[in-house]
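Protein chains in written order, with this note's numbering: chain A, 17 to 419; chain B, 17 to 419; chain C, 17 to 419; chain D, 17 to 419. Each residue gets a CB set at the ideal place from its N, CA and C atoms; glycine is no exception. Fair warning: this is a prediction, and the values are worked out from it, not measured in the lab.
There are 4 protein chains.
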Amino acid sequence: MHAEELLERLQAGELRLYELEDHADAEAAVEARRRYIAGETGVALSALEPYAFDASRATEKNVENMIGAVQVPLGVAGPVTVDGGAAAGECFLPLATTEGALVASVNRGLSAIEDAGGATARVTQSGMTRAPVFTVDGIAEAETVVEWVDANVDRLGEAAESTTSHGELLAVDPYVVGDNVYLRFVYDTKDAMGMNMATIATREAASLVEHETPAKLVALSGNLCTDKKPAAINAVEGRGRTVTADVVLDREVVEATLKTTPEAMAEGNTRKNLLGSAKAGSLGFNAQAANVVAAAFLATGQDEAQVVEGANAITTMDAREEGLYASVSLASLEVGTVGGGTGLAPQQAALELLGLAGGGDPPGSNADALAEVIAVGALAGELSLVAAFCARHLASAHEQLGR
Amino acid sequence: MHAEELLERLQAGELRLYELEDHADAEAAVEARRRYIAGETGVALSALEPYAFDASRATEKNVENMIGAVQVPLGVAGPVTVDGGAAAGECFLPLATTEGALVASVNRGLSAIEDAGGATARVTQSGMTRAPVFTVDGIAEAETVVEWVDANVDRLGEAAESTTSHGELLAVDPYVVGDNVYLRFVYDTKDAMGMNMATIATREAASLVEHETPAKLVALSGNLCTDKKPAAINAVEGRGRTVTADVVLDREVVEATLKTTPEAMAEGNTRKNLLGSAKAGSLGFNAQAANVVAAAFLATGQDEAQVVEGANAITTMDAREEGLYASVSLASLEVGTVGGGTGLAPQQAALELLGLAGGGDPPGSNADALAEVIAVGALAGELSLVAAFCARHLASAHEQLGR
Amino acid sequence: MHAEELLERLQAGELRLYELEDHADAEAAVEARRRYIAGETGVALSALEPYAFDASRATEKNVENMIGAVQVPLGVAGPVTVDGGAAAGECFLPLATTEGALVASVNRGLSAIEDAGGATARVTQSGMTRAPVFTVDGIAEAETVVEWVDANVDRLGEAAESTTSHGELLAVDPYVVGDNVYLRFVYDTKDAMGMNMATIATREAASLVEHETPAKLVALSGNLCTDKKPAAINAVEGRGRTVTADVVLDREVVEATLKTTPEAMAEGNTRKNLLGSAKAGSLGFNAQAANVVAAAFLATGQDEAQVVEGANAITTMDAREEGLYASVSLASLEVGTVGGGTGLAPQQAALELLGLAGGGDPPGSNADALAEVIAVGALAGELSLVAAFCARHLASAHEQLGR
Amino acid sequence: MHAEELLERLQAGELRLYELEDHADAEAAVEARRRYIAGETGVALSALEPYAFDASRATEKNVENMIGAVQVPLGVAGPVTVDGGAAAGECFLPLATTEGALVASVNRGLSAIEDAGGATARVTQSGMTRAPVFTVDGIAEAETVVEWVDANVDRLGEAAESTTSHGELLAVDPYVVGDNVYLRFVYDTKDAMGMNMATIATREAASLVEHETPAKLVALSGNLCTDKKPAAINAVEGRGRTVTADVVLDREVVEATLKTTPEAMAEGNTRKNLLGSAKAGSLGFNAQAANVVAAAFLATGQDEAQVVEGANAITTMDAREEGLYASVSLASLEVGTVGGGTGLAPQQAALELLGLAGGGDPPGSNADALAEVIAVGALAGELSLVAAFCARHLASAHEQLGR
């Protein structure tokens, strides 16, 4: 069926919005749907029309009721040299954003980092989690369930891993609240962000728990995972990649490039990022880590809602004799280089630009490297912003660049 | 200068990446820069090439070092009827995402809501904040600064409002930590998200504080704002719009459309969203509010990093005799219908689709309405997901739809 | 009736444990009850027998089913000079504790402070809160309730203040979560800690809300107060007294008395109290503020369970040219000099030792001064402990002193 | 030397306050010190004079600069039957408090629990923690330190356990923030609360880390322990005993004894303890757990400042067909039956009253049982208070009983 015919049948009430792909190819379905919505709302939606990815892939894997695409400007910052556990060498960082001044800010920070010969980065922990909640009849029964789980981690691993060719169960951590038992499953999901893989594997493991114990499954996610909510469990224990980037800037670089001093930056970081965040009851002790995470996530096809956990970051700055030591530690950066939005053409291109498209060798190394590169970008953003206000330039920069 | 010439001068080292717009129009600059990066990295970047917005606007206001655009699939959910304080009537909700099953999930929830005649929504509080940090010589001096501020809110208001034709200073809340004084300025920024307006206005007010008291400005943001970090101050006191959407679903709708019961959903909500989040040390007591916030933010040109605060949401479900009462209360939803990314053509079209592009009448009403519509979308996501796991459909839905 | 007879009737099942005071004076009742419990459990309880306070007062106001008293060793630290908003001059700080090394630690800190001529302290905010929760039928009704409250703060004040000769309603802050409306009432309760006064006053105000709006009271405390739970709302907004103490120690004092340097202490404070607490997801950014709060609370008859909120404290240390600036800011220190346990003879004596027993002139000044003195004690504990580990003495001190 | 002579030498400036025990027995030292302070302050301190414990033990292990004792009224609640993992049978709960109505409230709750045949309780996790902070030169070095630690847990265990005859190292969990490495050591400390044992053992293990890796110890506590601060890490991962108590009350009991319904209590618990605490940004989702913890701690010689962590508790209430399921889960209850204040005569008597004085058989079982009994007491407090407000009796109870 062509778009025109689909549209007519939509308007006649013979088809529902979500049924179009059953009767036509994706392009026609998208066009018909957009035209139908345009008609219903009286709004010309031509700006949503162009898209540079394969509609059939998008409608199968990424979106339903598609009517087109939204476009976000993409800039680059860098180049910067990263000495990582997985990342190595020089790269440009792609950033998709609508916030003026952000790319410029990161670029300025990367330039200072590059003057220091680049930044160091390491993934210090890795694991995607899913935590189903079960109900039992009371604490005595909860105890027996937890004992069974502790004694049967191997069987849970077999069950979980039967659903996946890549994933590996690393741990099962039990938490009890009254008649609720939460089991936090932790997986190595290699180059996939892994939420999907972890969910499917956990469903299988949860079936085993239900079969072998009196526990009854309530929900595959009991919010102790924790996915897409600001939660201390992620800030403390990590989720996805736990990654730190750091650098020592020579005193001269701080003075010449950043127009301030190591001492002023260390003090400014303490007063704003540490004490201000402490008083705010915050889980994020940084200046703008989420800005860089969000822009890099969008550029590379990550899950945009996981920016939430990406903001669980602590920035440190310390004046040393030779200059400024600065670091940013992101507790829960959930990234992948396969699956999700990474397969769409523009996002794929952004990953290729980083040399990190697809699965890594060894498996997991591409996602590790992506985490390290984003951490270096976040570090650049911190350096730039803290330096800026140390010279009281924040607001003027905003004004000029329309941020 | 044409793109070709720019590219040659880039390659010759005669121009820097960020200088191109000084020598050519935006389109040529973007093209040259993309081709340069493609050459440097050896990657074909053609998938980044097409964009449906005005490059000169984007490079002036939204991005630096632009090399193209990233495209995100856009779907619609609805229609749904919203009985809001500002929003009224029926609308489709545009959602940009790469997470399969999300639009379908929201759509299913909206369908249940529509069966109930639509949802109610209200913005219960509104105010954009900026909290500079000042340093004093000790607590005795801090006390005199705070006393001066309390006695001079009017003068601070005059100073702040001298920088803006729209903004209005609502309050100045002081916080003291040792020799640091944080002043949290709260503004009515009408239809703008307002971070920029608040920053500029606060700079002026901060100058007055510096002039009249011994306090010295350290940074225009002292992290008590709190912008783009998960912070209790926002979850408790709000930032941007504080908005609630709710609905009562008839028992029959819950059973027929959602395939479960009000009692099961209320219990599931408690065990997962309340108790699970409590045990996780979370500020978000919901199932997937961030998913809807992120997708709606991306569709309508909001600041993607502010999804962080958007996740500060509490979902309640209560079995009443007539059926299920469900609500979602978002403490800090930072939205605007003017400024930022809202002016790009696709994002503008998404706002038009909602009837909410540009400034509202009265001022602020469009942003209020946008907040209310997103809250209804979030409510739909909660209903759908909680209902799904109550019927144990979560994982299978994921598997089928590739989520 | 004498103790002997009471005991017999208890054993005969003719009286219940809690009925004894109805039939005899307090001393006899306590004795009979203790002997009865000793008989039932086969344990000699003579160590619980002696008490130095008036049993009839205690059984009327402080305890039920009394069987005797627990005794806690009381030490003194100081003297120290306090330059406060309310406190002035030199005092000894009474501390009741069973933790070896604590009094010595505070004493050492106070000695360093005294070398600097004493500490400065200020109460920067004051207010006891009670936050009832009401239920409404939905968000639309919640909006009307909040509007009524905002328009009728005067009437609420009249109602609340009709129940008290001292208390004063300062503010009513509304919070909405779905169909729940929380109203946080803030009171000036003068020299009383005020929880009781606030509860009674709020009950009256809540009746007015119920009478004039559709809201129905669920509970007089809706946990947004927040009493005796670790809650961000108290750490951010304060409860009871918000108080800071600070001092500048000469470089020589740090080196001679504390055996370290300002730079080492500032760095140690950042790594432990700021970064460590940040990573722990803490609301307390200090070393041992709760130790001092708990010991001073116990000595002076405060509510021992409110040590919870007393731990919401941030310690800062900053190396200045002249030496070390150190401060501790306690967000929510709930203290009184009248009511509660302050009227028992030993506790009263401890308050007299501070010159702060009973109501102050002006009202509230004694409780303010007590808060300031405790803050100075907490500052001493921070200085001493941070200095100790900077010289790696922590564990050896513990070992020697049995802590 | 007699007290009189000590006093004279104090007044002559020949002795310092803390030196008295070096020259006389404890009783004389305490008397002289008290008389000296009385003289200096002009306050009669006779109410502080009597104490029912051994002064020499107290001055050696529990306090410095002792001048007497503070006395706190002690009541009992119960009896109640506990079906615990370690606790078994019927007991009275000793509670030391100055808050009127508290013992009565717990007593009422225990009575309802006893009508149900008693409560069930289980310690689901146990471990005392100490987390030193080390500094390294950057993230690359941090990675090597963490790798060394992971590979040498056995050697760390040997080192730690060389300092103690009872303690056992259970785990070492590393956390990295920039150039800081925190190692959270977890110990089984049997019947001791164990903070002291853990500190000394960790010092030895930390020496090994310093010897074998480039890490330098900053402080034996890096605040990730977390001791005496409200911290998510304890609420999530536990510290001391993680313990739950629960009960099912027959519908008739709820109606007859508590004067309300299971449905009303479940709803009240959700609106106050879950939603109210959620909105407050709290780590405590309960009504008054800290009240019971504080009073039981004081009665049994626990560390009064650890009430802070004791407040990390979640209360659940669920209406079942047969009645009300209620539970309280305390994440971090730090208790011991040996060491600290447990050896003072009155506190010892209170432990004997529970049958839990001294070390248990097997070791650790007495502390486990104490945790379970306190949890049951906390459950009673929750039941009583929630029932009370469900019948709107809270304020009147307060008024009558002087709370």
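Length of the line joining the Cα atoms of residue i and residue j
i	j	result
C:I249	C:K275	38 angstroms
D:A413	B:D319	Residue confidence for D:A413 is low, a pLDDT of 44 falling below 50, so the modelled location carries little weight and cannot support an answer.
A:G29	B:G94	15 angstroms
D:L290	C:P230	23 angstroms
B:E279	C:A102	56 angstroms
C:A411	D:G376	Residue placement at C:A411 is flagged as unreliable, the pLDDT there being 43, under the threshold of 50; the coordinate-derived value follows with that caveat. Each residue's Cα considered, the two are about 27 angstroms apart.
C:E268	C:D99	22 angstroms
D:A137	A:G173	30 angstroms
B:D207	B:Q141	14 angstroms
Cβ shell of residue i (< 8 angstroms), same chain only, five flanking positions each side left out
i	result
A:K288	A303, V402 and F405
D:V79	none
A:D153	D195 and P230
B:L64	R50, I83, G84, A85 and V86
A:M209	M144, G256, Q318, D319, Q322, E350, V351, G352, G355, G356 and A383
Close Cβ partners of residue i (< 7 angstroms) along its chain, the five nearest in sequence each way excluded
i	result
C:T97	G105, E106, E130, G133 and G134
D:S127	T273
D:K232	F150, T151 and E226
C:A187	V202
D:A311	L111, A112, T113 and L118
B:A23	Checking the sequence, you will find Leu at residue 23 of chain B rather than Ala. Excluding sequence neighbours, B:L23 sits near A48, R51 and Y52.
Where residue i falls: helix, strand or coil (DSSP)
i	result
C:G418	At C:G418 the pLDDT is 47, less than 50, meaning the model places this residue with poor confidence and gives no usable figure here.
A:C241	coil
D:S178	coil
B:Q318	coil
A:V197	strand
D:Y52	helix
B:A231	coil
C:D204	strand
A:V59	coil
B:G393	helix
D:L172	helix
*Determine, using beta-carbon pairs with one atom in the stretch 344-354 of chain A and one in the stretch 256-264 of chain A, whether at least three such pairs fall under 8 angstroms.*
yes
*asked:* To test your reading of the DSSP string, which unbroken alpha helix (DSSP H) runs of 4 or more residues are found completely within the stretch 337-371 of chain B?
replied: 361-369
_Every unbroken beta strand (DSSP E) within the stretch 70-137 of chain D, with a cutoff of 3 residues, ordered by chain_ = 82-100 and 104-112
*Kindly confirm or deny that the stretch 219-238 of chain A and the stretch 192-199 of chain A touch, where touching means at least three C-beta pairs closer than 8 angstroms.*
yes
*Just checking, does the stretch 17-26 of chain B make contact with the stretch 375-393 of chain A on the three C-beta pairs under 8 angstroms criterion?*
no
*Counting Cβ pairs closer than 8 angstroms, one from the stretch 277-287 of chain C and one from the stretch 141-153 of chain C, do we hit at least three?*
no
*asked:* Using 8 angstroms as the cut-off, can you tell me whether the stretch 364-371 of chain C makes contact with the stretch 325-337 of chain C, which would need three or more C-beta pairs spanning the two stretches below that distance?
replied: no
*Every unbroken beta strand (DSSP E) within the stretch 251-309 of chain A, with a cutoff of 3 residues, ordered by chain*: 256-266
*Stretch pair the stretch 203-215 of chain C + the stretch 172-187 of chain C: three plus CB contacts closer than 8 angstroms*: yes
*Cβ contact (3+ pairs, closer than 8 angstroms) linking the stretch 158-173 of chain C and the stretch 114-126 of chain C*: no
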